[in-house]
Amino acid sequence: MSQYILRRLMIAIPSLLGISLVLFVVLALAPGDPFSELATNPNVPPEVQAALRAKFGLDDPIYLRYLHWLAAMVHGDWGFSFVSRVDVDTLILQRLPTTLYVVGSSQLLALLIAIPVGVYAATRPYSLFDQLANTFAFIGFSLPTFFTGILFILVFSVKLDWLPFVYTSVPGSGIPWLLEMIRQAIMPVMVLGLFQAASMTRFVRSAMLDVIRLDYVTTARAKGLGQAKVIVKHVMRNAMIPVVTLIALQMPAVFGGAIVTEQIFRIPGIGSLLISSILANDTPVVMAVTFVFACLVVLFNLIADVLYGWLDPRISFR
Amino acid sequence: MFDNNLRGMIDDVKDGRMDRRAFVKRMIAVGLTAPMANQILAIGGVAMAQSPNPYKPTKRGGGGPLKLLWWQGPTLLNPHFATGTKDQDGSRIFYEPLASWDVDGHLNPILAAEIPSIQNGGLSADAKQVIWKLKPGVKWHDGKPMTADDLVFNWEYASDPATAAVSIETYSGLTVEKIDDLTIRITFKKQTPFWANAFVGAYGCIIPKHLFADYKGGKSREAPNNLKPVGTGPYKFVEFKPGDLIRGEINTDYHMANRPYFDTIEMKGGGDAVSAARAVIQTGEYDFAWNIQVEDEVLQRLEKGGKGKALFAVGGDIEFIAINFTDPNTEVDGERSSIKTKHPILSDPKVRQALALLVDRDSVKKAIYGRAGRTTANYLNGPEEFVSKNTKWEFSVEKASALLEQAGWKLGSDGIREKDGKKLKLLYQTSINGPRQKTQAIVKQACQKAGIDVELKSVVASVFFSSDVANPDTYAHFYADLEMFQIPMTQPDPALHMRRYHSRNISTKENKWQGPNFPRWANKEFDAAVDAADTETDPIKRADLYIKGNDLMWQDNVMIPVMHRLAVEASSNTLRPALSGWANQTDNLQDWYRET
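The listed protein sequences derive, respectively, from chains W and R.
Under the working numbering, the residues of the first sequence are numbered 347 to 664, in order.
Under the working numbering, the residues of the second sequence are numbered 1266 to 1861, in order.
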């Protein structure tokens, strides 16, 4: 087992190197300049823009810049943002809690909806409840979050005036602070959570249906076990194996944030950091965020594989 | 009436026989304007009026929170590194200059005890020296006193090329010395009629010497206070998250009486302009939103029965179509649009004139800019005294066709004009931006009617405005026949705005396309006027020189002005912000209050 994990980690190194190289080259080849805002400002002589480019090493050849970046990364130096001149790790750590809170709660919400609904729908296939659940699931994952987000804003903020649509970090502490934090997170969590829940419901339902028809379930029923016991103990446990894998693979997204939803609700998370850095051509930040994301994907893939073997002893590590 | 009469009147004001207002009114009556009249008074030896922003609160604080929404959040808080106005706006909450620009383009003293004038000995008649007196008793947020040493340090800091400050231009070409603890002398290398640049406005914000002295030059990035400002401003620093949030609290030691009004301040970043307008005008979640570049139609819809309104501030920002005087399709020594070439079509003044006739400014205003734009024939649109009255514009497809006909461009069978077998085809580029693409469509349509085939091109803004030497799509390379964008006027003086088009500033491969004269226009008369204005101390003669420059640009059709754009802000109905088209939005933040 430990040998297997070690081997997988060793394999991860060249693939991460490859990912970083591709990312860096693509970013370096992309046109644009972090200092373009200075260009039309008559107060700023063009030499300043040129001096800044030279100072930040933007005029060096690509391979040299990549080697510099790699060497620094190995030493734990993530570089600093060209735009805010803040160290990249500080920036990311500043944004991480919000993303974990918002995207994490939405994943939790998705699970809380998807598992009961999916399980119940599978036990009564083609019943009215199943039909309704299916219809809503289709609507849910057909509507993109930028649409539902704006719809929610129009209904709950503009028309009803119940919820704020600008997410901001609230100062203070105690119960009122907590309530405010929950209040402003309701809309984004709903938008993301319902979208996730829709596709996950379909997944849970079909996983359940696969298992529910198997002979051992009939055997369990024949033994005279109650419906609840059969479903929870015998069917769900086996049906959850692929669902657990799916959730494990969703985990990097929890860290990566939700670009569109974060932009709509002004959530200061990793996703909005990524998109504003891309727009500003802030290479070090884009590089760091995407690279961390790549590492997380590789890591959680490994965790999923390990979990799979643990859940299903028939799979062996070789 | 001038000269004798005028001098008599200035003396009347000086001795108190006539009040300033009456003087300004009379000046307006003879065709001059308020800022102009005030500048005459300043040079004539009458001190400028003090803070003109109305301010009602009678005690400090008690106003609750002030919530600002900047859809591009400030990313750094050192005014000398401010890449964009968003960063200047953010730093301005904490840092202050000696004086700021008010709504009419007048100086409003902030840290200065008074505005220098000839009468108070602050200005020298030869326009080579300025003496600023500091307000006594001003303290940094950490309790240390602010002195002339801080000002001298700011000059040293910003003018050191190793610091790589964006304010370097503001602080070069001059020296700053300390006379005593509260007085400094600025000495210019050349005669500088526009003396109010260093220590004034956005680039004039002063950072404390005791916290930045160790971080001058190459180490400038490492200063911990780049992210934790300690200034003299109305609000003290609490929290900063780049691109997301700035939080401040009232400075109870603030140096102006009864100010500031609000107890806390929050500047939230992110999102887009439309939803920012919505959060202020429609739901009232925020008090003020910056730079609402939204179609006027949308704003008017939001304003109906809403909790806020749009505000418009008049400055000098100009959206224009520039004409390439060189040939973008011929390569000479590895560069297209080389000054060694001449544009095969556009070097003919008649064609340029025809193009100017084909820009339907009224339609552009009606369909796109609405209240946020004014039609104009001028490149230079403010302050009032510099605006030419000699120019005019019109939209006429017939006249344009007639001119093209005269120039030898005959209609071909496909409806496109041709001359010597060559089609009249032009490439018209701009940055990707809703209103710009709509304007392109309006212009293209009119051109088609006149028999010009216009090919449209849109470039991503971050590329179009980049200084990337290797990228041919930047505005400075100008590898197209026409291009459109906006040049902001960041101070109420046209010197920088007009100097761009001096022939020594032509953008070429040799200067890595850093020359700001991107149309590659060279006109000796214009050069002479701008050079003369640089050292002319008589404000009337100086204004005349710039008007002449503007008129030359108009005659030659170097730029076809599309719209004189106003700054658009969204504000809650109860908030009373002090705004100016000549300053950044937060430049008079100390005067903001709420009407209850």
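Note that the Cβ used here is the ideal one computed from N, Cα and C, for glycine as well.
All values derive from a computational prediction rather than experimental measurement.
With DSSP as the reference, please indicate the residues paired to residue i in a beta bridge.
i, result
"TYR1500 (chain R)", "R:ILE1515"
"LEU1510 (chain R)", "R:LYS1506, R:LYS1533"
"PRO1826 (chain R)", "R:PHE1585"
"PHE1750 (chain R)", "R:PHE1585"
"TRP1366 (chain R)", "R:LEU1372"
"ALA1832 (chain R)", "R:ALA1578"
"ASN1782 (chain R)", "R:ILE1771"
"LEU1388 (chain R)", "R:VAL1395"
"GLU1442 (chain R)", "R:ARG1450"
"LEU1244 (chain R)", "Since the displayed chain R opens at 1266 and closes at 1861, residue 1244 (chain R) lies outside it and no answer follows."
"LYS1404 (chain R)", "R:PRO1410"
"VAL1465 (chain R)", "R:ALA1364"
"LYS1687 (chain R)", "R:LYS1684"
"LYS1675 (chain R)", "R:GLU1683"
"ALA1377 (chain R)", "R:LEU1399"
"GLY1638 (chain R)", "R:ARG1830"
"PHE426 (chain W)", "W:ASP433"
What distance in whole Å lies between the Cβ atoms of residue j and residue i, which are believed to be in contact at a cut-off of 8 Å?
i, j, result
"ILE1530 (chain R)", "LEU1331 (chain R)", "5 Å"
"TYR1480 (chain R)", "THR1435 (chain R)", "Contact doesn't hold; Cβ gap of about 19 Å is too wide."
"VAL1417 (chain R)", "ILE1451 (chain R)", "Their Cβ separation, rounded to whole angstroms, is 10 Å, which puts VAL1417 (chain R) and ILE1451 (chain R) out of contact at 8 Å."
"HIS1865 (chain R)", "ASN1646 (chain R)", "Nothing can be reported for residue 1865 (chain R), as the shown portion of chain R is limited to 1266 through 1861."
"ASN627 (chain W)", "ASP379 (chain W)", "6 Å"
"PHE1553 (chain R)", "ALA1835 (chain R)", "7 Å"
"THR1517 (chain R)", "ARG1357 (chain R)", "Contact flag wrong, Cβ pair sits at about 19 Å."
"ALA1632 (chain R)", "LYS1688 (chain R)", "Rounded, the Cβ-Cβ distance is 29 Å, inconsistent with contact."
"VAL1545 (chain R)", "TYR1551 (chain R)", "5 Å"
"ASP1537 (chain R)", "GLU1514 (chain R)", "Contact doesn't hold; Cβ gap of about 29 Å is too wide."
"PHE1660 (chain R)", "ASP1685 (chain R)", "Not really, about 29 Å apart at Cβ, beyond 8 Å."
Looking at the unbroken beta strand (DSSP E) that takes in residue i, where does it start and where does it end?
i, result
"SER527 (chain W)", "Sequence inspection shows Met at residue 527 (chain W); the Ser mentioned does not correspond to that position. Here MET527 (chain W) belongs to no beta strand (DSSP E); instead the alpha helix (DSSP H) covers 520–558."
"ILE1472 (chain R)", "It is not in any beta strand (DSSP E) - ILE1472 (chain R) carries neither H nor E in the DSSP assignment."
"TRP1397 (chain R)", "1394–1398"
"GLU1683 (chain R)", "1682–1684"
Would you give the residue range spanned by the alpha helix (DSSP H) that residue i belongs to?
i, result
"VAL1662 (chain R)", "1662–1671"
"PRO1330 (chain R)", "Here PRO1330 (chain R) belongs to no alpha helix (DSSP H); instead the beta strand (DSSP E) covers 1330–1335."
"TRP656 (chain W)", "629–657"
"THR591 (chain W)", "583–602"
"ARG441 (chain W)", "434–469"
"ASP1821 (chain R)", "1804–1821"
"ASP1352 (chain R)", "1350–1357"
"LEU410 (chain W)", "408–420"
"ARG1764 (chain R)", "1760–1764"
"GLU393 (chain W)", "392–401"
"PHE1791 (chain R)", "1789–1800"
"THR565 (chain W)", "561–568"
So is residue i in contact with chain A if we call contact Cβ pairs under 8 Å?
i, result
"GLN530 (chain W)", "Checking the listed chains, one finds no chain A in this structure; the protein chains it contains are W and R."
Open item on the list: Quick check: the segment 1607–1619 of chain R against the segment 1639–1652 of chain R, are at least 3 beta-carbon pairs closer than 8 Å?
Closed with: Three or more Cβ pairs closer than 8 Å define a contact, and the segment 1639–1652 of chain R falls short of that threshold against the segment 1607–1619 of chain R.
TODO: Pair every Cβ in the segment 594–604 of chain W with every Cβ in the segment 448–461 of chain W, then say whether three or more of these pairs are closer than 8 Å.
DONE: yes
Open item on the list: Does the segment 1688–1705 of chain R come into contact with the segment 581–591 of chain W, if we say contact requires no fewer than three beta-carbon pairs (one atom in each stretch) closer than 8 Å?
Closed with: no
TODO: Go through the segment 1532–1608 of chain R residue by residue and report every complete run of the alpha helix (DSSP H) that reaches 4 residues or more, in order.
DONE: 1538–1542, 1561–1568
Task: Entirely enclosed beta strand (DSSP E) segments - the segment 1689–1729 of chain R, minimum 3 residues - done: As far as the segment 1689–1729 of chain R is concerned, its whole beta strand (DSSP E) runs of at least 3 residues are 1690–1696, 1718–1724.
Open item on the list: Any contact between the segment 1368–1383 of chain R and the segment 1339–1353 of chain R? By contact I mean 3 or more CB pairs, one from each, below 8 Å.
Closed with: no
Open item on the list: Across the segment 1495–1511 of chain R and the segment 608–623 of chain W, are there enough close Cβ pairs to call them in contact, namely three or more that are closer than 8 Å?
Closed with: Yes, since at least three Cβ pairs between the segment 1495–1511 of chain R and the segment 608–623 of chain W fall closer than 8 Å, the two stretches touch.
Task: 4 or more residues per run - each alpha helix (DSSP H) lying fully within the segment 467–502 of chain W - done: 474–488, 491–498
- [ ] Indicate whether the contact test is met: 3 or more Cβ pairs, each with one atom in the segment 532–544 of chain W and one in the segment 483–494 of chain W, closer than 8 Å.
- [x] yes
TODO: Answer yes if the segment 413–425 of chain W comes into contact with the segment 627–636 of chain W, meaning at least three C-beta pairs across the two stretches below 8 Å, and no otherwise.
DONE: yes
TODO: Spell out a yes or no on whether the segment 508–517 of chain W and the segment 553–567 of chain W are touching, meaning 3 or more CB-CB pairs, one atom from each, closer than 8 Å.
DONE: Using a C-beta cut-off of 8 Å, the segment 508–517 of chain W makes no contact with the segment 553–567 of chain W, since fewer than three inter-stretch Cβ pairs fall below that distance.
TODO: Count the C-beta pairs between the segment 1754–1769 of chain R and the segment 412–420 of chain W that are closer than 8 Å, then say yes if the count reaches three, no if not.
DONE: No, the segment 1754–1769 of chain R does not touch the segment 412–420 of chain W.
Open item on the list: Taking contact to mean 3 or more Cβ pairs, one atom from each stretch, closer than 8 Å, check whether the segment 1472–1492 of chain R and the segment 1401–1412 of chain R are in contact.
Closed with: yes
TODO: Tell me, please, whether the segment 1627–1645 of chain R touches the segment 1815–1828 of chain R by the rule of three or more beta-carbon pairs shorter than 8 Å.
DONE: yes
Task: Validate contact between the segment 1804–1811 of chain R and the segment 1774–1783 of chain R using beta carbons, cut 8 Å, 3 pairs - done: no
- [ ] Flag this pair as touching only if the segment 1569–1586 of chain R and the segment 1745–1758 of chain R have three or more C-beta atom pairs under 8 Å; answer yes or no.
- [x] yes
Open item on the list: Could you check whether the segment 1842–1856 of chain R touches the segment 1520–1534 of chain R, counting it as contact only if at least three pairs of C-beta atoms, one from each stretch, sit closer than 8 Å?
Closed with: yes
Task: Contact the segment 1708–1715 of chain R vs the segment 1728–1745 of chain R: 3+ CB pairs below 8 Å - done: No: the two stretches stay apart, fewer than three of their Cβ pairs being nearer than 8 Å.
- [ ] Taking 8 Å as the threshold, find out whether the segment 495–503 of chain W comes into contact with the segment 567–581 of chain W through three or more Cβ pairs.
- [x] Segments in contact, no.
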